[in-house]
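Which chain is which? The protein sequence lines are E and X, in order. Numbering-wise, the first sequence is residues 0 to 215 according to numbering that gives the first Met the number 0. Numbering-wise, the second sequence is residues 0 to 220 according to numbering that gives the first Met the number 0.
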Amino acid sequence: MKQTLYLVRHGRTIANTHQLVQDGTDPLSEIGKAQTKLIGKRFQTIELDVIISSPFVRAYETAKAIHRVTGAPLETNELFVEQRYASHQVGKSINDPVIAEERALMHGKRGDPHWHLADEENVHDLRDRAREALAFINTRTESNLAIVSHGMFIKMLVGVMWSHDITAEEFWRFRVIFESSNTGLTLCVRDTENHIHPDWRILTWNDHVHLADPCV
Amino acid sequence: MKKTVYFTRHGETAGNVQDLVQDPNIPLSEKGIRQARLVADRFLTLSVDLVLSSDYPRAVETAEIIAAQCSVPHEQHLYFRERRGAKEVVGKPRLDPEVQRIYKEMQKHKDDAEWRYSDEENFYDLIARAKQALAFLEALPGTTIVVVTHAIFLKHILSMIWSEKVTPEEFQNFRTTFRIENTGIATCILDSEHTIHTGWQIITWNDHAHLADPVVGKDAS
Numbered sequence: 000m001k002q003t004l005y006l007v008r009h010g011r012t013i014a015n016t017h018q019l020v021q022d023g024t025d026p027l028s029e030i031g032k033a034q035t036k037l038i039g040k041r042f043q044t045i046e047l048d049v050i051i052s053s054p055f056v057r058a059y060e061t062a063k064a065i066h067r068v069t070g071a072p073l074e075t076n077e078l079f080v081e082q083r084y085a086s087h088q089v090g091k092s093i094n095d096p097v098i099a100e101e102r103a104l105m106h107g108k109r110g111d112p113h114w115h116l117a118d119e120e121n122v123h124d125l126r127d128r129a130r131e132a133l134a135f136i137n138t139r140t141e142s143n144l145a146i147v148s149h150g151m152f153i154k155m156l157v158g159v160m161w162s163h164d165i166t167a168e169e170f171w172r173f174r175v176i177f178e179s180s181n182t183g184l185t186l187c188v189r190d191t192e193n194h195i196h197p198d199w200r201i202l203t204w205n206d207h208v209h210l211a212d213p214c215v
Numbered sequence: 000m001k002k003t004v005y006f007t008r009h010g011e012t013a014g015n016v017q018d019l020v021q022d023p024n025i026p027l028s029e030k031g032i033r034q035a036r037l038v039a040d041r042f043l044t045l046s047v048d049l050v051l052s053s054d055y056p057r058a059v060e061t062a063e064i065i066a067a068q069c070s071v072p073h074e075q076h077l078y079f080r081e082r083r084g085a086k087e088v089v090g091k092p093r094l095d096p097e098v099q100r101i102y103k104e105m106q107k108h109k110d111d112a113e114w115r116y117s118d119e120e121n122f123y124d125l126i127a128r129a130k131q132a133l134a135f136l137e138a139l140p141g142t143t144i145v146v147v148t149h150a151i152f153l154k155h156i157l158s159m160i161w162s163e164k165v166t167p168e169e170f171q172n173f174r175t176t177f178r179i180e181n182t183g184i185a186t187c188i189l190d191s192e193h194t195i196h197t198g199w200q201i202i203t204w205n206d207h208a209h210l211a212d213p214v215v216g217k218d219a220s
């Protein structure tokens, strides 16, 4: 069975622009809405069997734009939400000195799977969820799936495709070295009958050619 | 100082289609030439300063098409050549049992920097060459450079951008997980103010949107 997976990061939000810690309620900004129209247009020539979206507003609004163009059935799934940040940090700037210090502390403790500052998902929790998400994807029989999700989560999903046992250090490299654009498109392909490579492969990371639109 | 490098794999060859361990001299196919023209059109809008390539004909032909379209110079450098394969495998089908046997032998010794089956470049040779290639690019004056290179070498570049201490296992993960199409573009940025890890970032990998051209259609991809 051959499958193509289109991982789409949501359009820009005001919080993205101002580098604020987000929860699930932040809506798309005006630019974000324009970006979703552009990613929708990309999907005009792409056959899709299903769209699975994180239920967070910014992802769902992006997914709806793709659904409007393709007519593919749209589902939501909590597995694809963004890495959950400590609730007391939500709405604050990542450059706020207290938040910056907490983030530095969390980064220093990244090797410890059991350490948490508060109620956030640490890197190990995120990896466990990404593995669960990959197992869920592997139960789907549609040939062409779009998943609308978030920057950090998409990186971890690609990370577990790269190595099931990806470490906190390795994920940190992914985070910093691989850039992710709003509505960037990451294509993954799989051929379960290919005995040499039956697993997911990354065909494209972060294609965002649709953003080179002079109107945005 | 910010530098953008568009690493681009050469266009298709008959060797790609037949899945051969490619001979250095194999030229572009007709489809490969069409692909090179499509990727050249992409670069027309990107203020390219210079096109570099290896000296292998398939890379040179691709690079010359891009350089002509963008009206910029083209230079060849040995840094950007494909991995030198063992003489026993060059020109043979990749899935040939004898070729696979030799590759398995090489895999067994992957952690041994001094071991080679015969005259091939091993992982350590290639990582060292990738490091030299990146240093060479860093020292060049241009800020927007296209580098036409080859699939396996490009994955070594990716691995060296990942970490100067990349292990054979990490490289294997990149080799098997990340695909690169003919004329696929890996956009990388070197930012002197970005001091984490190697200083390079990967913005896109294997962008091949230009191959979904409605006029050329399926023939191009």
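Here a beta-carbon is modelled for each residue, glycine too, at the ideal position from N, C-alpha and C. These figures come from a predicted structure and were not determined experimentally.
Check the Cα spacing between X:Ser-158 and each of E:Phe-177, E:Ser-86, E:Ala-103: the tightest is with E:Phe-177.
In the same chain as X:Phe-170, and ignoring 5 residues on each side of it, the C-beta atoms closer than 8 Å to its own belong to Phe-122, Ile-126, Lys-154, His-155, Ser-158, in chain order. Look at the beta carbons and you see the region 139 to 151 of chain X not touching the region 152 to 169 of chain E: under three pairs across the two are nearer than 8 Å.
Straight-line measurement puts the Cα of X:Ala-185 at about 29 Å from the Cα of E:His-66. Chain X places a beta carbon closer than 8 Å to that of E:Thr-203, counting this residue as a contact.
Against chain X, a Cβ distance below 7 Å from E:His-196 picks out Thr-175. Residues of the region 83 to 97 of chain E that bring their beta carbon within less than 9 Å of a beta carbon in chain X are absent altogether.
Residue range 184 to 190 is occupied by the beta strand (DSSP E) that includes X:Ala-185. The CB of X:Gln-200 comes closer than 7 Å to the CB of Ile-176, Glu-178 in chain E, given here in chain order.
Residues of chain E whose Cβ lies closer than 7 Å to the Cβ of X:Asp-190 do not exist, since the nearest Cβ in that chain is about 11 Å away.
Identification of chain X residues near E:Ser-162 by a Cβ-Cβ cut-off of 9 Å yields Glu-168, Glu-169, Asn-172, Thr-176, ordered along the chain. About 5 Å separates the beta carbon of E:Val-20 from that of E:Tyr-84, a gap short enough to meet the 8 Å contact definition. For X:Ile-195, the C-beta contacts it makes with chain E under 7 Å involve Val-175, in order along the chain. Cβ contact annotation for X:Thr-61 (same chain, cutoff 6 Å, sequence separation greater than five): His-9, Gly-10, Ala-35, Val-147, in chain order.
Leaving aside the five residues that flank E:Thr-16 on each side, the residues in its chain whose CB is nearer than 7 Å to its CB run, in chain order, Ser-28. Annotation: X:Ala-13 to X:Ser-52 spans about 20 Å, alpha carbon to alpha carbon. Under the three-pair Cβ rule at 8 Å, the region 72 to 90 of chain E counts as touching the region 45 to 64 of chain E. At least one C-beta of chain E is nearer than 8 Å to the C-beta of X:Thr-203. Under a criterion of Cβ atoms nearer than 7 Å, the residues of chain E adjacent to X:Ser-162 are, in order, Arg-172.
Comparing alpha-carbon positions, the option among E:Trp-199, E:Pro-96, E:Asp-206, E:Asp-111 lying closest to X:Ile-202 turns out to be E:Asp-206.
Ranked by how close their Cα comes to the Cα of X:Glu-97, the residues X:Ile-195, X:Gln-200, X:Val-20 have X:Val-20 in first place. Taking all protein chains in view, the Cβ of X:Pro-140 is surrounded by fewer than 16 other Cβ atoms within 10 Å, so the residue is classified as exposed. In this structure, the straight-line span from the alpha carbon of X:Ile-101 to that of X:Phe-152 is close to 19 Å. Close partners of X:Asp-206 in chain E (Cβ separation under 9 Å): Thr-203, Trp-204, Asn-205, Asp-206, His-207, Val-208. For E:Arg-200, the closest Cβ of chain X is nearer than 8 Å.
Classified as buried, X:Lys-2 has 16 or more neighbouring CB atoms from the shown chains inside 10 Å of its CB. In this structure, DSSP gives E:Arg-8 an extended state, which the three-state scheme calls strand. Around the beta-carbon of E:Ala-14, 16 or more other beta-carbon atoms lie within 10 Å, marking it buried.
Taking each of E:Leu-133, E:Gln-88, E:Asp-111 in turn and checking the Cα distance to E:Val-188, the smallest one comes out for E:Leu-133. In this structure, E:Trp-204 is the residue among E:Leu-156, E:Trp-204, E:His-163 with its C-alpha nearest to the C-alpha of X:Phe-177.
For X:Ala-150, the CB contacts under 8 Å within the same chain, skipping 5 residues up- and downstream, are Arg-8, Glu-81, Ile-179 in chain order. With contacts defined as CB atoms closer than 8 Å, E:Thr-69 and E:Thr-35 fail to qualify as a contacting pair. Restricting attention to E:Ala-33, E:Gln-2, E:Met-0, the CA atom closest to the CA of E:Thr-12 is found in E:Ala-33. The residue from E:Thr-24, E:His-163, E:Lys-154, E:Ser-142 with its alpha-carbon nearest to that of E:Asp-190 is E:Ser-142.
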